[in-house]
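J.:
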Amino acid sequence: MGSPALYLTMTHLPKIYEPQQIEEKWYQFWQESGYFHAEATSEKPPYAIVIPPPNITGSLHIGHALDNMLQDCLIRWRRMQGYNTLWMPGTDHAGIITELIVERQLAEEGTSKSALGREKFIERVWQWKAASGGTILSQLRRIGCSCDWERERFTLDEGLSQAVRTAFVRFYEQGLIYRDTYMVNWCPACSTAVSNLEVEPIEVDGHFYHIRYPVVGVSSGTDEAAFLEIATTRPETMLGDTAVAVHPEDERYRHFIGKTAMLPLQEREIPIIGDAYVDTEFGTGALKVTPGHDANDYEIGLRHDLAQRTIFTKTGCMNEHAGERYRGLSRWDCRERVVADLREQGYLVKIVPHRHAVGHHDRCGTVIEPAISLQWFMNVKPLAERALAAAKNGDVRFIPERETARFIHWMENIEPWTLSRQRWWGHRIPIWYCDACDAVTAAMDIPQTCKTCGCTELRQDEDVLDMWFSSGLWPFATMGWPEKTAELNTFYPTSVLVTGWDILFFWVARMIMLGLACMDEVPFRTVYLHGLVADEKGQKMSKSKGNSVEPLETIATYGTDAFRFALANAGTPNPYVPLPESQIEAGKRFANKIWNAARFTLMNLERHPVSATPNRDSNPLEVKWIRSRLNHAIATTTDALENFRFHEAAQTVYAFLWHEFCDWYLECVKQRLAHGEPEALWVAADVLEQTMRLLHPFMPFLSEELWQQLTQGNGTGTANEKKSVCVAPWPEPAGAHPEAEATMAVVMTVIESVRSIRGELNVPLGASVEVLVQSPDADVRAQLAAHLGHYLPAFTKVKDITVAAAVQKPPASAEAVIGELVLYIPLAGVIDLDAERARLNKRHRQAVKDVAAAQKTLENPNFLQRAPEKVVAQKRESLERLLAEEAKLARSLSVFL
RNA sequence: GGGCGGGUAGCUCAGGUGGCUAGAGCGACAGCCUUACAAGCUGUAGGCCACAGGUUCAAGUCCUGUCCCGCCUACCA
Numbered sequence: 030m031g032s033p034a035l036y037l038t039m040t041h042l043p044k045i046y047e048p049q050q051i052e053e054k055w056y057q058f059w060q061e062s063g064y065f066h067a068e069a070t071s072e073k074p075p076y077a078i079v080i081p082p083p084n085i086t087g088s089l090h091i092g093h094a095l096d097n098m099l100q101d102c103l104i105r106w107r108r109m110q111g112y113n114t115l116w117m118p119g120t121d122h123a124g125i126i127t128e129l130i131v132e133r134q135l136a137e138e139g140t141s142k143s144a145l146g147r148e149k150f151i152e153r154v155w156q157w158k159a160a161s162g163g164t165i166l167s168q169l170r171r172i173g174c175s176c177d178w179e180r181e182r183f184t185l186d187e188g189l190s191q192a193v194r195t196a197f198v199r200f201y202e203q204g205l206i207y208r209d210t211y212m213v214n215w216c217p218a219c220s221t222a223v224s225n226l227e228v229e230p231i232e233v234d235g236h237f238y239h240i241r242y243p244v245v246g247v248s249s250g251t252d253e254a255a256f257l258e259i260a261t262t263r264p265e266t267m268l269g270d271t272a273v274a275v276h277p278e279d280e281r282y283r284h285f286i287g288k289t290a291m292l293p294l295q296e297r298e299i300p301i302i303g304d305a306y307v308d309t310e311f312g313t314g315a316l317k318v319t320p321g322h323d324a325n326d327y328e329i330g331l332r333h334d335l336a337q338r339t340i341f342t343k344t345g346c347m348n349e350h351a352g353e354r355y356r357g358l359s360r361w362d363c364r365e366r367v368v369a370d371l372r373e374q375g376y377l378v379k380i381v382p383h384r385h386a387v388g389h390h391d392r393c394g395t396v397i398e399p400a401i402s403l404q405w406f407m408n409v410k411p412l413a414e415r416a417l418a419a420a421k422n423g424d425v426r427f428i429p430e431r432e433t434a435r436f437i438h439w440m441e442n443i444e445p446w447t448l449s450r451q452r453w454w455g456h457r458i459p460i461w462y463c464d465a466c467d468a469v470t471a472a473m474d475i476p477q478t479c480k481t482c483g484c485t486e487l488r489q490d491e492d493v494l495d496m497w498f499s500s501g502l503w504p505f506a507t508m509g510w511p512e513k514t515a516e517l518n519t520f521y522p523t524s525v526l527v528t529g530w531d532i533l534f535f536w537v538a539r540m541i542m543l544g545l546a547c548m549d550e551v552p553f554r555t556v557y558l559h560g561l562v563a564d565e566k567g568q569k570m571s572k573s574k575g576n577s578v579e580p581l582e583t584i585a586t587y588g589t590d591a592f593r594f595a596l597a598n599a600g601t602p603n604p605y606v607p608l609p610e611s612q613i614e615a616g617k618r619f620a621n622k623i624w625n626a627a628r629f630t631l632m633n634l635e636r637h638p639v640s641a642t643p644n645r646d647s648n649p650l651e652v653k654w655i656r657s658r659l660n661h662a663i664a665t666t667t668d669a670l671e672n673f674r675f676h677e678a679a680q681t682v683y684a685f686l687w688h689e690f691c692d693w694y695l696e697c698v699k700q701r702l703a704h705g706e707p708e709a710l711w712v713a714a715d716v717l718e719q720t721m722r723l724l725h726p727f728m729p730f731l732s733e734e735l736w737q738q739l740t741q742g743n744g745t746g747t748a749n750e751k752k753s754v755c756v757a758p759w760p761e762p763a764g765a766h767p768e769a770e771a772t773m774a775v776v777m778t779v780i781e782s783v784r785s786i787r788g789e790l791n792v793p794l795g796a797s798v799e800v801l802v803q804s805p806d807a808d809v810r811a812q813l814a815a816h817l818g819h820y821l822p823a824f825t826k827v828k829d830i831t832v833a834a835a836v837q838k839p840p841a842s843a844e845a846v847i848g849e850l851v852l853y854i855p856l857a858g859v860i861d862l863d864a865e866r867a868r869l870n871k872r873h874r875q876a877v878k879d880v881a882a883a884q885k886t887l888e889n890p891n892f893l894q895r896a897p898e899k900v901v902a903q904k905r906e907s908l909e910r911l912l913a914e915e916a917k918l919a920r921s922l923s924v925f926l
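Count along the first sequence from 1, add 29, and you get the number used in the working numbering.
(1) Return yes when the Cβ of Arg-554 is within less than 7 Å of the Cβ of Pro-580, no when it is not.
(2) If you count every other CB in all the chains shown that lies within 10 Å of the CB of Glu-473, and 16 or more means buried, which is it?
(3) Can you grab the Cα-Cα spacing for the pair Leu-545 / Pro-504, in whole Å?
(4) Could you tell me whether the stretch 53–70 touches the stretch 122–139, using the rule of 3 or more Cβ pairs below 8 Å?
(5) Less than 7 Å between the beta carbons of Val-378 and His-239, yes or no?
(6) If you follow the alpha helix (DSSP H) that Ser-461 is in, where does it begin and where does it stop?
(7) Would you tell me roughly how many angstroms separate the C-alpha atoms of Gly-744 and Ala-703, rounded to the nearest one?
(8) Please list the terminal residues of the continuous beta strand (DSSP E) segment that includes Asp-829.
(9) Distance check for Val-776 and Ala-538, CA to CA, integer angstroms please.
(10) What is the C-beta distance between Ile-165 and Val-562, in whole angstroms, given that I count them as a contact (C-beta under 8 Å)?
(11) Return the chain-ordered list of same chain residues with a C-beta closer than 8 Å to the C-beta of Tyr-364, the five sequence neighbours on each side being excluded.
(12) Only counting the same chain, and skipping five residues up and downstream in sequence, which positions put a Cβ closer than 7 Å to that of Val-469?
(13) So, using beta-carbon positions, are Phe-406 and Tyr-207 closer together than 7 Å?
(14) What are the partner residues of Cys-697, as DSSP defines its beta bridges?
(15) Can you list, in chain order, the residues of its chain whose CB lies under 7 Å from that of Cys-174, leaving out five sequence neighbours each side?
(16) With a cut-off of 8 Å on the beta carbons, I'd call Glu-229 and Gly-388 a contact; round off their distance for me.
(17) How about Ala-192 and Trp-693: do their beta carbons lie closer than 7 Å?
(18) Considering only C-alpha positions, which residue in the set Asn-603, Arg-281, Pro-83 is nearest to Glu-310?
(19) By DSSP, does Asp-806 sit in helix, in strand, or in coil?
(20) Can you give the Cα-Cα distance for Val-900 and Gln-894, rounded to whole angstroms?
(21) Tell whether a beta-carbon distance below 7 Å holds between Val-698 and Leu-659.
(22) As an exercise, report each continuous alpha helix (DSSP H) stretch of at least 4 residues that is fully enclosed by the stretch 424–454, in chain order.
(23) Comparing C-alpha positions only, which one of Pro-300, Asp-279, Glu-296 sits nearest to Lys-288?
(24) Comparing alpha-carbon positions, which option in Tyr-587, Ser-804, Ala-881 lies nearest Gln-50?
(25) Hey, would you say Ile-125 sits closer than 7 Å to Arg-392, going by beta carbons?
(26) Could you tell me which of Glu-651, Ala-369, Pro-729, Gly-303 sits nearest to Pro-767, measuring between CA atoms?
(27) State whether the stretch 750–766 contacts the stretch 596–614, with contact taken as three or more CB pairs (one from each stretch) at a distance under 8 Å.
(28) Distance, Cα to Cα, Asp-464 vs Ala-386?
(29) Would you call the CB atoms of His-456 and Ser-499 closer than 7 Å?
(30) Tell me which same chain residues have a C-beta within less than 6 Å of the C-beta of Pro-81, skipping the five on either side of it?
(31) Which residue's Cα is closest to the Cα of Trp-711: Arg-593, Thr-666, Leu-634, Leu-912?
(32) Nearest-angstrom Cα distance between Ala-418 and Met-548?
(33) Quick one: residues in its chain with C-beta nearer than 8 Å to the C-beta of Tyr-327, no 5 flanking neighbours on either side, listed in chain order?
(34) Taking the straight line between their C-alpha atoms, what separation do you get for Glu-47 and Glu-770?
(35) In terms of DSSP beta bridges, what is Met-407 paired with?
(36) Runs of 3 residues minimum, wholly inside the stretch 94–145: which ones carry the beta strand (DSSP E) assignment?
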């Protein structure tokens, strides 16, 4: 522990914020100080988030950056609020991808997975993991993530493995997990079954092949045989056909039902059956039935007791059932040959273009082959019912709200989960087979003997589990389940889950189902589903599309905080959020602006030491004002964070810091300094210190650096109570001052009017002007008389100010009307009268328009009768003001010199 | 086929439960190195809030329909 030795001394504060100088230093300091560590038991209220474990194969992409920045934002904010915050980090073993990567490596070395054997191969993967698997977590540190690194977990570590086996055995014993032969989605490239979620239907331009199947023993009335014409997008599958189906009521074909067709190329007789599944309107109305390779045909096959003919190998080539002529060909080569043969033999009627969706494996892009195989499945229906209830009764809440409907729809239509994968890297299925008696044993540990026959020759199932099975246990398995740990007791259910909506079904849904089943309680109360980062064209950013922003490059160019601020601004409810370079650039400028505001304050504090704390009761107007505005910013930011409106939170801090604190307050401070009132700096430092706390969840590094400097021995507020802004208390709203805000608003408007006139009439910069203000209201006059003399010179060059109830418009002067106020600026010798006339005309036209609109509303009796009193009063006030402005402008124009 | 989201300034987007003169960033134009910041300051221009109806005293906001764009879902071979 201990503060970093190296502070940039004030006199050496660079003019430009240099993020590289400080980021690493502070991250190390936080970690060494143990600020990120959560206590298993604590007096403090708990706040927990489990990280969506990134794949060990991954490197930080823009999606990770957004997801984790938002989580860090929440965690840092809650930590400051005094919660016992746990952000559980870790990685996923990413079954299929990792295995592919290592296989590729082996191929380069001229060896292979099968040559190595299972044990050696797994060892190799662990080696790879040790060398490369930690990349992404170290990258998360670069973006400032305040994870509790002492608790880092991995989906294949011993604890998780224990949890996986426990869950599996439990579900097996409950009969929810079972082994069956069924039609599954098969990836020929990965040589494994995948779940239907992993199949991505992609629209492709394909063809409809019309093929004639001769009907056996029936002539068409002439000498020719009768045919059934079928249409298919996959002609090669005809080699596996075991029937042709027509609709039982289809007048064209019903008389064929019960007869047989001669399957071309193979000369096999197959039955013609009637089944209502067939759509008479679609294609030719006659359907070739391939129960071995089509999910629908499989169902038809079951209904009609058809043979199931498998014609593909595990790697997607034709097997012996396809016939010698086709055996060994790839699916695509076979299609070509089949079509050529059909054409040659006169069975091909025509080929028409046809656009349709084809299932692709989402991990490798290979066209999925539906195939019959023996797999492990999980019946998730009973679990889904509980998850459904939790979503409906609000036990788990989705943000944005619209995601609830998506979740419910999916849960209501849930299908059995294909659990087994024909891979080596992953959680091996804890099932043992006895070859002696065919008994099946599910066990936590390797069983020594067969329960049924006592023999010792047991064989473990070869397959591993779908990676989502282990990540589905993540929220509680990382905390020690199935043990009853203090962590679980304290942090489960976790507070919120933050992830992209694209894995709502893959992961979020599974965690909710498994959490309810294993823990009897939802894994999190709230699910915040943020958008996916898109490019300017609205396309999701991804490495394969080559349109992605590289987080680490971005950080190197703009700094982490600038990047984070841009990401916070992407925290809108939109499903796709653009992240243009300009937004990151804006973050960088903002960081520099803050840096310089602090630089100004600190440099002047050094130059003008403040001896005593100023008396708060005698605060000048701008101090009451800035405190009131800060109060407002704190309340708005807090409220926005509470409701996951990151964009609004970031915008609020931005607007306050830049457009209120810098644009107005610091300018006021300059004036105070000029008047020998350095106490103003104390307020500046104090407001900045609080604002650094407000900013910290968004820009942790910059806020820490400046907070440290601001609290180094200048005696401001909370100084040194804590050693780091990341554990300093979240600011509380205090000090609203509506009167000061109102008065300041008038002052600001006067200043803006003077500036506007100077700008529009091209008053030379050096020229000092005289300002005359006319106001019928004695109170306002008093306020203006008290304040204008002080503030105006700081913001615009004036030499003389007059405030009176009635002012004679000086000749050759410019004029501005602000409600009841009239402002004159004599500009003899400088003024361009035509320009001034044009300016007044423009203002007048606008005033007339506004008056008309307000009058129209107020002349409507229904409005007066039905609108709330408050609204009517506001409208009246507004009209009065507009009328006064309009009249004054009209009079000025009528007597214009 | 069903559903969801979007269409607001030249560009990218904000605008919780209807109610001041519809905002920001970037860009444009004009003028400024004013003792923190040119990554800055000041001013200006720019909007039939996709279109058509409807509800309401009042609609960018709610309802209906239409047109575009995107997505999710579905067993039409």
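By construction, the Cβ of each residue, glycine as well, lies at the ideal position given by its N, Cα and C atoms.
As the structure is a computational prediction, the values presented were derived from the model and not from experiment.
T.: On the basis of the supplied data:
(1) Here residue 580 is taken as the residue at index 551 of the first sequence, counted from 1. Here residue 554 is taken as the residue at index 525 of the first sequence, counted from 1. The answer is no: Cβ separation not under 7 Å.
(2) The residue you call residue 473 lines up with position 444 of the first sequence. In the sequence as presented, Glu is not what sits at residue 473; that position holds Met. Met-473 should be labelled exposed.
(3) Looking up residue 545 in the first sequence gives position 516. Looking up residue 504 in the first sequence gives position 475. Taking the straight line joining both Cα atoms gives about 11 Å.
(4) no
(5) Position 349 of the first sequence, counting from 1, holds the residue named residue 378. Position 210 of the first sequence, counting from 1, holds the residue named residue 239. Going by C-beta atoms, Val-378 is nearer than 7 Å to His-239.
(6) Start at 1 with the first residue of the first sequence, and residue 461 comes out as number 432. Looking at the sequence shown, residue 461 is not Ser but Trp. That residue, Trp-461, is in no alpha helix (DSSP H); its beta strand (DSSP E) goes 460–463.
(7) Here residue 744 corresponds to residue number 715 of the first sequence, with the count starting at 1. Here residue 703 corresponds to residue number 674 of the first sequence, with the count starting at 1. Here Gly-744 scores only 43 on pLDDT, less than 50, and its place in the model should not be relied on; the value that follows carries that caveat. Approximately 23 Å, taken between the alpha carbons.
(8) Counting from one through the first sequence, the residue named residue 829 turns up at place 800. Start and end: 827–833.
(9) The residue you call residue 538 lines up with position 509 of the first sequence. The residue you call residue 776 lines up with position 747 of the first sequence. Ala-538 and Val-776: Cα-Cα distance of roughly 56 Å.
(10) The residue you call residue 165 lines up with position 136 of the first sequence. The residue you call residue 562 lines up with position 533 of the first sequence. Between Val-562 and Ile-165 the Cβ distance is about 17 Å, and since that is not below 8 Å, they are no contact.
(11) Here residue 364 refers to the residue found at position 335 when the first sequence is read from its first residue. What sits at residue 364 in the sequence shown is Arg, not Tyr. These residues qualify, in order along the chain: Arg-263, Pro-264, Glu-265.
(12) Within the first sequence, the letter at position 440 stands for residue 469. Ile-460, Tyr-462.
(13) If you number the first sequence from 1, residue 406 lands on position 377. If you number the first sequence from 1, residue 207 lands on position 178. In contact: Phe-406 and Tyr-207 (Cβ atoms closer than 7 Å).
(14) Locating residue 697 in the first sequence gives position 668, where the first residue counts as 1. According to DSSP, Cys-697 bridges with nothing at all.
(15) As a position in the first sequence, residue 174 is number 145, starting the count at 1. Once the five neighbours on either side are set aside, the close Cβ partners of Cys-174 are Asn-97, Asp-101.
(16) Taking the first residue of the first sequence as position 1, residue 229 is located at position 200. Taking the first residue of the first sequence as position 1, residue 388 is located at position 359. Indeed they touch by this definition, with Cβ atoms about 7 Å apart.
(17) For this step, residue 192 is matched to residue 163 along the first sequence. For this step, residue 693 is matched to residue 664 along the first sequence. Contact flag unset, no.
(18) Sequence index remark: in the first sequence, residue 310 carries index 281 (1-based). Considering only alpha carbons, the answer is Arg-281.
(19) As a position in the first sequence, residue 806 is number 777, starting the count at 1. Asp-806: coil per DSSP, three-state reduction.
(20) In the first sequence, residue 900 corresponds to position 871, counting from 1. In the first sequence, residue 894 corresponds to position 865, counting from 1. Near 11 Å, if we compare the C-alpha coordinates of Gln-894 and Val-900.
(21) Walking along the first sequence from the start, residue 698 turns up at place 669. Walking along the first sequence from the start, residue 659 turns up at place 630. In this structure, Leu-659 does not lie closer than 7 Å to Val-698 by Cβ.
(22) 431–441
(23) Counted from its first residue, the first sequence places residue 288 at position 259. For the residues Pro-300, Asp-279, Glu-296, the minimum Cα distance to Lys-288 belongs to Pro-300.
(24) By one-based count along the first sequence, residue 50 stands at place 21. Out of Tyr-587, Ser-804, Ala-881, Tyr-587 has the C-alpha closest to the C-alpha of Gln-50.
(25) Here residue 125 refers to the residue found at position 96 when the first sequence is read from its first residue. Here residue 392 refers to the residue found at position 363 when the first sequence is read from its first residue. Yes, Cβ-Cβ distance for Ile-125 and Arg-392 is below 7 Å.
(26) Taking the first sequence and counting its residues from 1, the one referred to as residue 767 is at position 738. When only C-alpha atoms are compared, the closest one is Glu-651.
(27) no
(28) Taking the first residue of the first sequence as 1, we reach residue 464 at position 435. Taking the first residue of the first sequence as 1, we reach residue 386 at position 357. Distance between the alpha carbons of Asp-464 and Ala-386 is about 43 Å.
(29) Here residue 456 corresponds to residue number 427 of the first sequence, with the count starting at 1. Here residue 499 corresponds to residue number 470 of the first sequence, with the count starting at 1. Taking 7 Å as the Cβ cut-off, His-456 and Ser-499 qualify as a contacting pair.
(30) Residue numbering aside, residue 81 sits at position 52 when the first sequence is read from its first letter. Around Pro-81: Thr-528.
(31) Counted from its first residue, the first sequence places residue 711 at position 682. Nearest option by C-alpha distance: Leu-634.
(32) What you label residue 418 is simply residue 389 of the first sequence in a count that begins at 1. What you label residue 548 is simply residue 519 of the first sequence in a count that begins at 1. Straight-line Cα distance between these residues: approximately 16 Å.
(33) Reading the first sequence from its first residue, position 298 is the one you call residue 327. So the qualifying residues of the chain are Met-212, Pro-320, Gly-321, Gln-337, Pro-399, Ile-401.
(34) In the first sequence, residue 47 corresponds to position 18, counting from 1. In the first sequence, residue 770 corresponds to position 741, counting from 1. Roughly 35 Å between the two C-alpha positions.
(35) What you label residue 407 is simply residue 378 of the first sequence in a count that begins at 1. The partner list for Met-407 (beta bridge, DSSP) reads Ile-206, Trp-446.
(36) 113–117
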